[in-house]
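There are 2 protein chains.
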Amino acid sequence: MAAPLVVTTFERVPEFAQGYVRDLRVRWALEEAGLPYRVESIPFGERRPEHLAHQPFGQVPWLMDGDLSLFETGAILLHLGEHSPRLLPRDPRRRSQAVQWMFASLNSLELAFIPWLMAVFAKDDFTSPGGRSLIAFRDRRLSELEPVLAEREWLAGDFSAADILAADALRVFDRTDILAGYPACAAYLARATTPPPFVKAHADHTAHFARAQG
Amino acid sequence: MAAPLVVTTFERVPEFAQGYVRDLRVRWALEEAGLPYRVESIPFGERRPEHLAHQPFGQVPWLMDGDLSLFETGAILLHLGEHSPRLLPRDPRRRSQAVQWMFASLNSLELAFIPWLMAVFAKDDFTSPGGRSLIAFRDRRLSELEPVLAEREWLAGDFSAADILAADALRVFDRTDILAGYPACAAYLARATTPPPFVKAHADHTAHFARAQG
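Which chain is which? The protein sequence lines are A and B, in order.
Note that this note's numbering has the first sequence beginning at 1, numbered continuously upward.
Note that this note's numbering has the second sequence beginning at 215, numbered continuously upward.
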């Protein structure tokens, strides 16, 4: 990986989003891997063609590795995993299991958490059938994850990119007491986000948006 | 891949789910790849420990490749892609782009579709703030996908595993007229599901559940 890695995120975001924009996942992975990188910014307002050319859903982040442009944090972490055994084990079997948990974090966990969070932001009262189904889906997934995390330190052997995605998916509950009902999930989230790579990534991420706001 | 591949799905499912259980994705990928496989069944009712040992969320499918057990259709298709250039290109750059669209299909598209579908099944009237946010999220993603599919045949160069995941994500709209507003998405879905690999996978899938019901 000779060319410099470049992560692009928004220049500024609303205050409630600070600490939770997904460039954090990529920063975290790069800190875990010890790979040098720099961060560039794109406006948050109107999504221009040069933004959509990199990210057709108008989101962030994307990663430039030389002239390869990649979006989707799952795909970016898998790509970085090619360069770092800290992110993905080299052994094919263990690697398959880490990749399995990367997909599970996004498609089984986060798929049940984000729509609930969007309804929270929309100030839903969760009394409609659809609102109740969002709560039930969220709680079912947490209940299923709880026994998994009660018996292992990390999702797939050693710490891997899967833990970055799963822990960050669980961070949607940061401002709630929901994880109090799921102590193994809460302990796992604390375990993942205490070491220096997360702490540095989070500090750099929040400093980026604080600078834009100042 | 010397050992036989085995896909496990439910023995039977409610009639509304037939045609849409996710073993279909794996069958489709295996048909595209021309890899031999067989299908095994697990009860739909109580999720027993031997089920949860393979799939901790109590879902299907999982794949056995020798003694490696993998769940999550994204992870399974990525694994099968190691054995078939029809599913994942060999060229590293094109492969990264196909993998990017695999993640996008699951985490950007399906994440916006499934919670809406669950609210439909719950008979929500979509008048609450949360209900309206589900509709808005679904439509935003379709609007963003539409120009992408208007200018390309497949998501990442030639047909790949990304198209299996994206097309199957779009199949949630089969029983609605929603895709009428998104002609490029509708044409893409038809293009993906007309060739023999999908047709055979779908026929085998529906025959499996029809037999269980009969």
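All residues carry an ideal CB built from backbone N, CA and C; glycine is no exception.
Quiz item: Expressed to the nearest angstrom, what Euclidean distance is found between the alpha-carbon atoms of Met215/B and Tyr182/A?
Solution: Low confidence applies to Met215/B: its pLDDT is 49, below 50, so where it sits in the model is not reliable, and the reading given next is rough at best. Answer to the nearest angstrom: the Cα atoms are 40 Å apart.
Quiz item: In or out: Val99/A buried (at least 16 other Cβ within 10 Å) or exposed?
Solution: Result: buried.
Quiz item: Among Pro361/B, Ala326/B, Lys414/B, Glu360/B, which has the Cα closest to the Cα of Gly344/B?
Solution: Comparing alpha carbon positions, the residue from Pro361/B, Ala326/B, Lys414/B, Glu360/B closest to Gly344/B is Ala326/B.
Quiz item: chain A partners of Asp338/B, CB-CB under 8 Å?
Solution: Those are Ser128, Pro129, Gly130, Gly131, Ser133, listed as they occur along chain A.
Practice problem: For Val413/B, count neighbouring C-beta atoms within 10 Å of its own C-beta (all shown protein chains included) and say buried if the count is 16 or more, exposed if not. | Solution: For Val413/B, the number of other beta carbons within 10 angstroms of its own is below 16, and it is reported as exposed.
Quiz item: CA-CA distance, Glu153/A and Tyr188/A?
Solution: Near 7 Å, if we compare the C-alpha coordinates of Tyr188/A and Glu153/A.
Quiz prompt | Runs of alpha helix (DSSP H) wholly within the segment 338-415 of chain B (minimum 4 residues, chain order) | solution = Within the segment 338-415 of chain B, the complete alpha helix (DSSP H) runs of at least 4 residues are 343-364, 375-384, 397-407.
Practice problem: Check whether the Cβ atoms of Ser310/B and Leu106/A lie closer than 8 Å to each other. | Solution: Contact check for Ser310/B against Leu106/A fails: the beta carbons are separated by 8 Å or more.
Quiz item: So does the segment 55-63 of chain A actually touch the segment 249-257 of chain B, counting three or more Cβ pairs closer than 8 Å?
Solution: Contact between the segment 55-63 of chain A and the segment 249-257 of chain B is absent, because fewer than three Cβ pairs lie under 8 Å.
Exercise. Run the proximity test for Pro306/B: is its beta-carbon closer than 7 Å to any non-hydrogen atom belonging to the ligand NAP?
Key: Although the ligand NAP was asked about, the structure shown includes no ligands whatsoever.
Quiz item: Hey, Ala119/A and Ser347/B: beta-carbon distance below 8 Å or not?
Solution: In contact: Ala119/A and Ser347/B (Cβ atoms closer than 8 Å).
Quiz prompt | DSSP bridge partner residues for Glu40/A (one or two, in chain order) | solution = Paired residue(s): Thr8/A.
Quiz item: Between the segment 297-318 of chain B and chain A, which residues of the former have a C-beta closer than 7 Å to a C-beta of the latter?
Solution: Those residues of the segment 297-318 of chain B placed with their C-beta closer than 7 Å to a C-beta in chain A are Arg307, Ser310, Val313, Gln314, Phe317, Ala318, ordered along the chain.
Quiz item: Hey, is Gly272/B's beta-carbon within less than 8 Å of any beta-carbon in chain A?
Solution: Gly272/B counts as touching chain A.
Quiz prompt | Sub-8 Å separation of Val7/A and Leu52/A beta-carbons | solution = Taking 8 Å as the Cβ cut-off, Val7/A and Leu52/A do not qualify as a contacting pair.
Quiz item: So, helix, strand or coil for Ile290/B, using DSSP?
Solution: In the three-state reduction of the DSSP assignment, Ile290/B falls in the helix class, which pools H, G and I.
Quiz prompt | Of the listed residues Asp125/A, Gly19/A, Ile178/A, nearest to Arg140/A (C-alpha basis) | solution = Of Asp125/A, Gly19/A, Ile178/A, the residue nearest in Cα terms is Ile178/A.
Quiz prompt | Among Glu324/B, Asp339/B, Ser342/B, nearest to Leu359/B - alpha-carbon criterion | solution = Of the candidates Glu324/B, Asp339/B, Ser342/B, the one whose C-alpha sits nearest the C-alpha of Leu359/B is Glu324/B.
Quiz item: If you follow the beta strand (DSSP E) that Ser69/A is part of, which residue opens it and which one closes it?
Solution: Its beta strand (DSSP E) spans residues 68-71.
Exercise. Would you verify that the beta carbon of Ala187/A is, or is not, closer than 8 Å to some beta carbon of chain B?
Key: No, its Cβ sits nowhere closer than 8 Å to a Cβ of chain B.
Exercise. Please list, in chain order, all residues of the same chain as Trp28/A whose beta carbon is under 7 Å from its beta carbon, the five residues on each side excluded.
Key: Around Trp28/A, the same chain offers Ile164, Pro197, Phe198, Ala201 as residues with beta carbons nearer than 7 Å, after the five sequence neighbours per side are excluded.
Quiz item: Of all the CB atoms in chain B, is at least one closer than 8 Å to the CB of Ser108/A?
Solution: Yes, because at least one Cβ of chain B sits closer than 8 Å to the Cβ of Ser108/A.
Quiz item: Alpha carbon to alpha carbon, how far is Leu30/A from Arg171/A?
Solution: Using only the alpha carbons, I get a separation of about 19 Å.
Quiz item: Taking the DSSP output, what are the residues bridged to Leu160/B?
Solution: One cannot answer for residue 160/B here, as it falls past the ends of chain B, which runs 215 to 428.
Practice problem: Assuming Pro61/A contacts Val26/A (C-beta within less than 8 Å), just tell me the rounded distance between them. | Solution: About 5 Å separates the two Cβ atoms, so the contact holds.
Quiz item: Beta-carbon of Ile328/B versus every beta-carbon of chain A: anything under 8 Å?
Solution: Output row for Ile328/B: interface = yes.
Quiz item: Ordered along the chain, which non-local residues of its own chain (more than five positions away) have a Cβ less than 7 Å from that of Ala184/A?
Solution: Result list for Ala184/A: Glu146, Leu149, Ala150, in chain order.
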